[in-house]
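In UniProt numbering, the protein residues as written are 1 to 521.
Structure representation (C-alpha cells):
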C-alpha cells in the first residue's frame, strides 16, 4: 500500500525532535501538499524570480566562483549563468505547452474516447549538486523541478564552499523558501538527507557516491537521475583540419582547468599524427593562456589539495610532452599533454577530471572503435573528421551519453537535446523539455462514456471465435488523426461503428434463431 500524506497528521509530528535536514524535507512536503506549486502561474513566477536572482546576484556568484575555482569574471556567465538564463526563459515560454495534456494515437476500440498523457508533479525532489560547475549543475535540475511543479530540496556541494554559502544566503530571498529550501553541509548532512523519503533524487557527481545514493533511494523505491562522467574519448581522423580540431580540443580540455564531466579525457589518433597534434595543442595553450598560464586570469585552479595530489599521482609513469608545471600552494597544474600513453598507464585507469591530456595511438578507426567499446560507456564521445560516413559509423558502432562531431562540450548548451549518461556514465537526463519530463509523472489517461455498450460485447464472456475476430479488427487497427478533420473523421467512424454493431446484432440474432430451429427439428 503506497503511503498517504495527511497534513493534519504531519502537523502533529514532534517537529522539535527532527534534524535540520528532516525539518527542511518536512516543510517542503507540507508546502507541496498545499497544492500551490501545481499552479502554472505560480511555477512561472518562481522561475522568473530565479532568473532575477541570477541577474541581480551576478557579483556574489562571480566572487564565490573565483574563490572556489579561480574562475574569471568573464568565465562565470560563459560557463554558468548564461546557460541558466536560457533554460529559464525556455521553460517560461513553453511551460503551458509542456504541461498540457498530450493526445496519443487511438485504436478503433478507443476512437470515441479521450486518450492522452497528463504530466503531473512527482512531489519532493532532492537535488544534490557538484562543485565543478556548481551553478549550472545544481540550478539546472532545479529549473526542471520547479517547471514540473515539484518541491525541491537543494543540496549544493560543500567542496565549492563559497558558492554553497551564496546559495544558502540568497536563494531564499527570491524563491519560496518552504518549497525550495537550501540545505548545506558535508557528508553527515547528506547522509541525513538520504534517510528521508523523496519522490526523486537528482545527483551530479561520481560513480562511487552514486551507488550510495541508489542504495539509499532503493529503501523508499525512489527513482534517481544520476549525472556522472567517465573517460570521454576523442578520436582524431587523418581526414580533418587538424589546426581547427586541436584548437577546439584544447578549449574543451582546459576550460575550468579540465574539471568538466564531458571534457575530452584522452585522444586517439594515428601514430603519424601524434607530433602534429602535440604541436597544435601547445600552440593553442599559448594562444588561450599566454606563455605563463599560472598568471593568466582565464586559467583556473584545481578545487583543493586532495584533488591536486590525486592528479599528480596520475602523472606517474607518463611522458610529459607539454606543460607539467605545478604549484601545490596554489593548487595549480598547468595545461599538460602526455604522449605515447599505453592503455595500462595509471592515467588511463580512472576519469582524469583535470588538465592532463593523454594521447594514445591507434592504427585505424576500427581499432579506435574497438578500444572505446572495450571500456565503460562514456558520458561523451568526440569525433574529428571530414568524413560523414565515419561519423555515422562511429555513432552506430559505439555507445555514449552524447556524441559531438568536430567540436567539444557544445552539446551541453543545446536545450533541445537530452543531456545525460548511459551505463556507468549515468542514467536519466535533463535540459529543456527533457528536464521537465524527467521530473514529471507522465500519467496515462483514458476517459470513456457509459454509452455504446454494444462494442464491448466482443470482450465480455462467453468468448467465441466471432468475438475474437471482431476484437482483432477493432484493437489492431490504429488511427492517428491530425487536428484538421478530426471531428469529421470521428463522426464517420461513429457511424461506421454503429452500422457494424447493428449488422453484428442482426447476425447474432439470426444465428440464435437458426440454432433454435435446428434444436426443434
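We treat Cβ as the ideally placed atom computed from N, Cα and C, and that holds for glycine.
Distance from the Cα of residue 296 is smallest, within the candidate group 271, 382, 333, 275, for 333.
In chain order, 386 place their CB closer than 8 Å to the CB of residue 241, counting only its own chain and leaving out the 5 sequence neighbours on each side. Taken in chain order, the whole beta strand (DSSP E) runs of length 3 or more contained in the segment 335-364 are 336-339, 356-361. About 20 Å separates the CB atoms of residue 399 and residue 414; that is not less than 8 Å, and the two are not in contact. Straight across, the Cα-Cα distance linking residue 368 with residue 359 is about 12 Å.
DSSP, reduced to helix, strand and coil, places residue 409 outside both helices and strands of the structure shown, so it counts as coil. Segment contact: the segment 66-74 against the segment 299-310, three or more CB-CB distances shorter than 8 Å; contact assigned. Taking the CA atoms as reference points, residue 397 sits about 20 Å from residue 262. In this structure the segment 166-184 does not touch the segment 206-213; the number of beta carbon pairs closer than 8 Å is below three.
Here residue 420 is not near residue 432, since their CB atoms are 9 Å or more apart.
In chain order, 83, 84, 87, 430, 431, 435 place their CB closer than 8 Å to the CB of residue 140, counting only its own chain and leaving out the 5 sequence neighbours on each side.
In the pairwise beta carbon analysis, the segment 279-289 is classified as not touching the segment 148-168: fewer than three pairs are separated by under 8 Å. Relative to the Cα of residue 91, the nearest Cα in the group 43, 383, 252 belongs to 43. Residue pairing of residue 445 in beta bridges, as defined by DSSP: 116. Between the C-alpha atoms of residue 294 and residue 374 there is a straight-line separation of about 37 Å. Taking a C-beta distance under 9 Å as the contact criterion, residue 345 and residue 318 qualify as a contact pair.
Residue 311 is positioned such that its CB atom lies no closer than 9 Å to that of residue 338.
By the C-beta criterion, the segment 221-234 is judged to be in contact with the segment 191-201, since at least 3 inter-stretch pairs fall below 8 Å. Per DSSP, residue 414 has no beta-bridge partner at all. The bridge partners DSSP lists for residue 267 are 234, 359. A straight line joining the alpha-carbon of residue 89 with that of residue 329 spans about 41 Å. Assigned with DSSP and collapsed to three states, residue 181 falls in coil, not helix or strand. By alpha-carbon distance to residue 249, the top candidate from 233, 393, 408 is 408. Here residue 246 is not near residue 383, since their CB atoms are 9 Å or more apart. Residue 472 and residue 132 have their alpha carbons spaced roughly 56 Å apart.
The beta-bridge partner set that DSSP reports for residue 478 consists of 107. For residue 77, the closest C-alpha among the options 57, 46, 96, 93 is that of 57.
When only Cα atoms are considered, residue 279 and residue 104 end up about 56 Å apart.
Straight through space, the alpha carbons of residue 455 and residue 81 are spaced by roughly 57 Å. Excluding five sequence positions before and after residue 48, the CB atoms of its chain that fall closer than 7 Å to its own CB belong to 92, given in chain order. Proximity to residue 40 across 450, 447, 96, 138 peaks at 96, based on C-alpha coordinates.
In chain order, 144, 225, 428, 429, 430 place their CB closer than 7 Å to the CB of residue 438, counting only its own chain and leaving out the 5 sequence neighbours on each side. Residue state for residue 262 is assigned as coil, using DSSP reduced to three classes.
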